[in-house]
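Please read the structure below before turning to the comments.
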Amino acid sequence: MPRHTVRLHVDGVLKGEGTGSLALGDPRNVLDWVVNRLTRGGVGLEKGQIFSTGTCTGVVTLEKGQTAVGDFGTLGKVEVRFE
Numbered sequence: 001m002p003r004h005t006v007r008l009h010v011d012g013v014l015k016g017e018g019t020g021s022l023a024l025g026d027p028r029n030v031l032d033w034v035v036n037r038l039t040r041g042g043v044g045l046e047k048g049q050i051f052s053t054g055t056c057t058g059v060v061t062l063e064k065g066q067t068a069v070g071d072f073g074t075l076g077k078v079e080v081r082f083e
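Sequential numbering from 1 applies to the sequence shown in our numbering.
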């Protein structure tokens, strides 16, 4: 995961690119940190909850009508259009 490249396109234009290493060296490190922190507070993650480890591409502001595509290479793509 740390070396896996992620690209973010907005309306076909590359807006960001990075690797999993941008999330505390490895996205799994973020998960470990959060789980440990929650556990110390007596809280845990629940089945079905969604957890985000952060961004590999930086933050991009989108406008109404734009389409964003996250390309995770061999892991696939995700596309969203904001209406």
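Glycine residues also receive a C-beta, built at the ideal position from the N, C-alpha and C atoms.
Using the C-alpha atoms, what's the distance from residue j back to residue i?
{"i": "F51", "j": "V43", "result": "14 Å"}
{"i": "H4", "j": "E79", "result": "19 Å"}
{"i": "K47", "j": "E17", "result": "31 Å"}
{"i": "V60", "j": "T39", "result": "32 Å"}
{"i": "G70", "j": "R37", "result": "29 Å"}
Let me check understanding here. Comparing Cα to Cα, which of the options lies closest to residue i?
{"i": "Q66", "options": "P2, M1, D11", "result": "D11"}
{"i": "V30", "options": "G54, V60, K64, Q49", "result": "G54"}
{"i": "K64", "options": "E83, W33, V13, D32", "result": "E83"}
{"i": "D26", "options": "F72, P2, D71", "result": "P2"}
{"i": "Q49", "options": "L22, V35, K15", "result": "V35"}
Per DSSP, residue i is paired with what?
{"i": "K77", "result": "D71"}
{"i": "V10", "result": "V13, A68"}
{"i": "T57", "result": "Beta-bridge pairing links T57 to no other residue."}
{"i": "T39", "result": "For T39, which the question treats as bridged, DSSP gives no partner whatsoever."}
{"i": "G25", "result": "In the DSSP output, where bridge partners are listed per residue, G25 has none listed."}
Can you tell me whether residue i is buried or exposed, with buried defined as 16 or more other CB within 10 angstroms of its CB?
{"i": "T84", "result": "Only positions 1 to 83 of the chain appear in the structure, and residue 84 is not among them; the question remains open."}
{"i": "G20", "result": "buried"}
Since residue i contacts residue j with CB under 8 Å, what's their CB separation in whole angstroms?
{"i": "V13", "j": "F72", "result": "With a Cβ gap of about 18 Å, V13 and F72 do not count as contacting."}
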